[in-house]
Amino acid sequence: MCVRIIVSKSRLLEVTLHYNAMNTQEQNGPHINKPSEIIEIYKIVVEAAERNIERRMRTNQFYFSIIAGLFVAYSYLADGKLAGLLASVNVPQSSVPVPIWALPMFLLIMSMSWFSMLLSFRALSVAKYKVISDIEKQLPFGAFDLEWQYYKAQRKIETTQLELAIPLLFYAVAAIGLVFPFL
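Going by the working numbering, the sequence shown opens with residue 45, and the numbers climb by one from there.
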């Protein structure tokens with residue numbers, strides 16, 4: 045079986061994986077015969093996992109920036125400051141096309157989109173770390189597995205769980221913002 049691992053557009057590593065019919069490698073995944081291949085694949089998979097974390101952080105920054113802007117815009121709309129600002133530059137209030145409920149609605153959509161993206165990143169990370177764990181079974185030392193055992197022993201809340209709570213909090217605030225103007 046031939047497996048291609050794409051690291052970037054410019055770099056492609058092709059490794060031939062062999063199954064050993066005499067061993068029970070089918071349960072543990074493919075077996076690689078050469079230690080140099082194992083280490084090279086391990087480096088690539090760890091690098092890909094780290095890039096996934098970086099993409100997740102950039103995604104968090106993007107959504108947080110958009111949502112912070114929506115909060116600022118909503119506060120201007122809710123307090124009537126936008127109407128005053130528009131009146132100061134001679135823009136009639138009736139020509140403002142954004143109703144007060146549009147921003148909370150957009151915030152609802154952005155919050156759910158952010159939440160969905162975080163779930164996708166989490167699923168991808170789980171898959172990547174399972175691959176790393178499978179590769180570590182063929183190495184003399186499993187650093188990621190050991191680190192995960194130490195982390196679980198501390199019974200800390202996972203960062204992803206906290207990350208998932210933030211868009212849900214914004215979602216709740218947006219839902220209140222949708223109802224508030226009509227009370």
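The beta carbon of each residue, even a glycine, is placed where N, CA and C say it ideally should be.
- Spanning the alpha carbons of Ala218 and Asp178 requires a straight line of approximately 43 Å.
- Beyond the five residues adjoining it in sequence on each side, Leu208 comes within less than 7 Å, by CB distance, of Phe159 and Leu162 in the same chain, given in chain order.
- In the structure shown, Pro184 adopts coil according to DSSP, grouped into three states.
- Burial state of Leu213 is exposed, judged by a 10 Å Cβ sphere holding fewer than 16 other Cβ atoms.
- Of all C-beta pairs linking the segment 164 to 177 to the segment 80 to 99, three or more are shorter than 8 Å, placing the two stretches in contact.
- The Cβ-Cβ distance between Pro148 and Tyr107 does not fall below 8 Å.
- Contact between Met154 and Leu183 is absent: CB atoms are separated by about 42 Å, not below the 8 Å threshold.
- In this structure, Ile111 and Leu152 do not form a Cβ contact; the two beta carbons are roughly 11 Å apart against a cut-off of 8 Å.
- Around the Cβ of Leu190, a 10 Å sphere holds fewer than 16 other Cβ atoms; the residue is exposed.
- Lys87 carries a helical assignment under DSSP once its states are collapsed to helix, strand and coil.
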